[in-house]
Amino acid sequence: MFKQLRDLFRRTEPEEESLKLSFDGLPAWLDAREEELGRELSGATAPPREAIRGTLERLREAVGRMETAEGDGEVHPRLRDISRKALPGFTKSMAQILSREPTGDPEAFYATAAEMLKGSLKALKGQGKYLSSVYPDEMKEVRAAVKDLGREVNTMNEPLARARTGRQQTKDVRESYEALSRTREEYTGAAAQVRDLEAAVAEADRAIRKAEEDLAALKSHPDHARQQEIEERLRELDAADEENGREFASLRTPAVHVFRKAGKVAEKAGDGAAAAAIGRVLDAYAGSHPDDGEDTVGLTEAVMPATLAMIRQGDLALKNQDEVRLFSDPDVLPAGMSRVLHREREIREQRAALQETRAALPGVIEGQRLTATLAELRREREVKAAARTRVENQLETLQASYAGESENLRSRTAALAGRDVEVAVPDLPHPPS
Numbered sequence: 419m420f421k422q423l424r425d426l427f428r429r430t431e432p433e434e435e436s437l438k439l440s441f442d443g444l445p446a447w448l449d450a451r452e453e454e455l456g457r458e459l460s461g462a463t464a465p466p467r468e469a470i471r472g473t474l475e476r477l478r479e480a481v482g483r484m485e486t487a488e489g490d491g492e493v494h495p496r497l498r499d500i501s502r503k504a505l506p507g508f509t510k511s512m513a514q515i516l517s518r519e520p521t522g523d524p525e526a527f528y529a530t531a532a533e534m535l536k537g538s539l540k541a542l543k544g545q546g547k548y549l550s551s552v553y554p555d556e557m558k559e560v561r562a563a564v565k566d567l568g569r570e571v572n573t574m575n576e577p578l579a580r581a582r583t584g585r586q587q588t589k590d591v592r593e594s595y596e597a598l599s600r601t602r603e604e605y606t607g608a609a610a611q612v613r614d615l616e617a618a619v620a621e622a623d624r625a626i627r628k629a630e631e632d633l634a635a636l637k638s639h640p641d642h643a644r645q646q647e648i649e650e651r652l653r654e655l656d657a658a659d660e661e662n663g664r665e666f667a668s669l670r671t672p673a674v675h676v677f678r679k680a681g682k683v684a685e686k687a688g689d690g691a692a693a694a695a696i697g698r699v700l701d702a703y704a705g706s707h708p709d710d711g712e713d714t715v716g717l718t719e720a721v722m723p724a725t726l727a728m729i730r731q732g733d734l735a736l737k738n739q740d741e742v743r744l745f746s747d748p749d750v751l752p753a754g755m756s757r758v759l760h761r762e763r764e765i766r767e768q769r770a771a772l773q774e775t776r777a778a779l780p781g782v783i784e785g786q787r788l789t790a791t792l793a794e795l796r797r798e799r800e801v802k803a804a805a806r807t808r809v810e811n812q813l814e815t816l817q818a819s820y821a822g823e824s825e826n827l828r829s830r831t832a833a834l835a836g837r838d839v840e841v842a843v844p845d846l847p848h849p850p851s
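Listed below in structure tokens is the structure:
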């Protein structure tokens, strides 16, 4: 029963509504909050500042009286002598410390007063420690004033700490606000970049499709059939050239082997002319396909008699059927070399003529142009697509940063206001789709 009556008549404290702030109105609210913090600090520190001024005046008067004080004459002469010698230094130090006057805003006033307190304490611990015996009443007054000064300076600590905390909180809220504003600007710019790059990629895709269609349409061009015929003929020439190369190798390999031995035989026999002629043949055979076919054939014909004579005399032995086939008759090797080299020239000339004809076909020229254009378009498309991906990743990073900083703003504003705060942080624009 008592509990029910108590609950019935209990006073209920009204719930404080949360503070609602718009994002754009936040700077003005912060300015007002800073002004309010300044007023609160001025009001809270007015009494101790006034007390400090009075205490400093009292301390100045006490120090001034010490300059003419007689002191206690009953103390030991030596102690009295030490004290009287220390007195001028002490009063001079204190007069210099007290020559200042705390002024300005509470922060500046506090800094000056605290510095004066620090100097006074230092003087008391220095020369002042020798004065209490001879000047007990005066030093008691000075110490009491310094103690009061310390108490009043300390009284300013709490309101100053609150003000500093409030200013730091205000700075934190401003930083969050500015960070969100910058992020919105960056996001808007990045979103515009994505839209531009999307349009550029789409345009590149259209240009690529058009080039591919034009390139495919060339297959119906009259030049396409002619191009196919030429390319088929070029493939046939390539095959013939490979076969001719194999035949050349079948002549060259055994011939080089025999001529090397023949050169050694000629050198051993002291036949310098034959050795030199054979050397020229070997030089001509050094490449896979000698450049000057007629010279190669002529050089070969010139050394065949001497080489065959070495074979007949038994100075040069043939090792296999290929060597026997090529060096049993003076005309077989030169004729074979002449045939393959002549065929090589024919193939080279025919290929060059066909390639020139193909290159002159209007359809081929257009195809080459379209192929080059298509490759460039694809490269540009890849560059733009990669740039779009980078900016899209930047948008995601900005979104995450914006969300995190929005929470910071709300929590920092609530800490500054000292109650729940609703800040209407605007959403970022919808990203391009």
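Those letters in the sequence shown? Residues 419 to 851, per this note's numbering, in order. The beta-carbon is built from N, C-alpha and C at its ideal position, and this holds for glycine as well.
DSSP beta-bridge partners for residue i?
| i | result |
| --- | --- |
| residue 840 | 438 |
Apart from the five residues on each side of it in sequence, which residues of its chain come closer than 7 angstroms, Cβ to Cβ, to residue i?
| i | result |
| --- | --- |
| residue 714 | 702, 708, 755 and 759 |
| residue 780 | 641 |
| residue 466 | 570, 573 and 574 |
| residue 513 | 481 |
| residue 442 | none |
| residue 507 | 545 |
| residue 619 | 799, 802, 803 and 806 |
| residue 833 | 587 |
| residue 547 | none |
How many angstroms separate the CA atom of residue i from the CA atom of residue j?
| i | j | result |
| --- | --- | --- |
| residue 553 | residue 475 | 20 angstroms |
| residue 777 | residue 649 | 11 angstroms |
| residue 657 | residue 761 | 13 angstroms |
| residue 735 | residue 769 | 42 angstroms |
| residue 839 | residue 831 | 7 angstroms |
| residue 605 | residue 452 | 31 angstroms |
| residue 628 | residue 795 | 11 angstroms |
| residue 698 | residue 718 | 9 angstroms |
| residue 744 | residue 771 | 34 angstroms |
| residue 689 | residue 723 | 14 angstroms |
| residue 544 | residue 450 | 48 angstroms |
| residue 716 | residue 660 | 25 angstroms |
| residue 775 | residue 757 | 27 angstroms |
| residue 730 | residue 721 | 15 angstroms |
| residue 607 | residue 844 | 17 angstroms |
| residue 647 | residue 663 | 24 angstroms |
| residue 522 | residue 528 | 9 angstroms |
| residue 587 | residue 444 | 13 angstroms |
| residue 687 | residue 727 | 13 angstroms |
| residue 457 | residue 589 | 18 angstroms |
| residue 816 | residue 446 | 26 angstroms |
| residue 854 | residue 584 | Outside the shown range of the chain (419 to 851) lies residue 854, about which nothing can therefore be said. |
| residue 636 | residue 652 | 21 angstroms |
| residue 785 | residue 767 | 25 angstroms |
Assuming residue i contacts residue j under a Cβ cut-off of 8 angstroms, what Cβ separation, rounded to an integer in Å, is found between them?
| i | j | result |
| --- | --- | --- |
| residue 486 | residue 566 | That belief does not hold up - the Cβ atoms of residue 486 and residue 566 are roughly 23 angstroms apart, past 8 angstroms. |
| residue 509 | residue 518 | That belief does not hold up - the Cβ atoms of residue 509 and residue 518 are roughly 16 angstroms apart, past 8 angstroms. |
| residue 626 | residue 792 | 7 angstroms |
| residue 516 | residue 481 | 7 angstroms |
| residue 436 | residue 837 | 7 angstroms |
| residue 733 | residue 683 | 5 angstroms |
| residue 669 | residue 751 | 7 angstroms |
| residue 622 | residue 799 | 4 angstroms |
| residue 448 | residue 592 | 6 angstroms |
| residue 505 | residue 535 | No, residue 505 and residue 535 are not in contact; Cβ-Cβ is about 22 angstroms, not under 8 angstroms. |
Cβ of residue i less than 7 angstroms from any chain D Cβ?
| i | result |
| --- | --- |
| residue 449 | Absence of chain D from the displayed structure is noted, only one protein chain being present. |
Considering only residues of the same chain and omitting the five flanking positions on each side of residue i, which have a CB-CB separation below 6 angstroms?
| i | result |
| --- | --- |
| residue 459 | 524, 577 and 581 |
| residue 711 | Only weak support exists for where residue 711 lies, its pLDDT of 49 falling under 50; the value from the coordinates is given anyway. Taken in chain order, the residues that qualify are 759. |
| residue 639 | 781 |
| residue 741 | 672 and 676 |
| residue 511 | 541 |
| residue 700 | 677 |
| residue 520 | 527, 530 and 531 |
| residue 557 | 549 and 550 |
| residue 643 | none |
| residue 842 | 440 and 441 |
Does at least one heavy atom of the ligand ATP sit under 6 angstroms from the Cβ of residue i?
| i | result |
| --- | --- |
| residue 446 | This structure simply doesn't include the ligand ATP, nor any ligand for that matter. |
Once you ignore the five residues that flank residue i on each side, which residues in its own chain have a CB closer than 8 angstroms to its CB?
| i | result |
| --- | --- |
| residue 695 | 717, 720, 721 and 724 |
| residue 602 | 820, 844 and 846 |
Next item on the list: Check whether the segment 798–814 touches the segment 666–679, counting contact only when three or more Cβ pairs, one atom from each stretch, lie closer than 8 angstroms.
Entry: no
Notebook entry, point to check: Touch check for the segment 822–830 and the segment 592–601: three-plus C-beta pairs under 8 angstroms?
Noted result: yes
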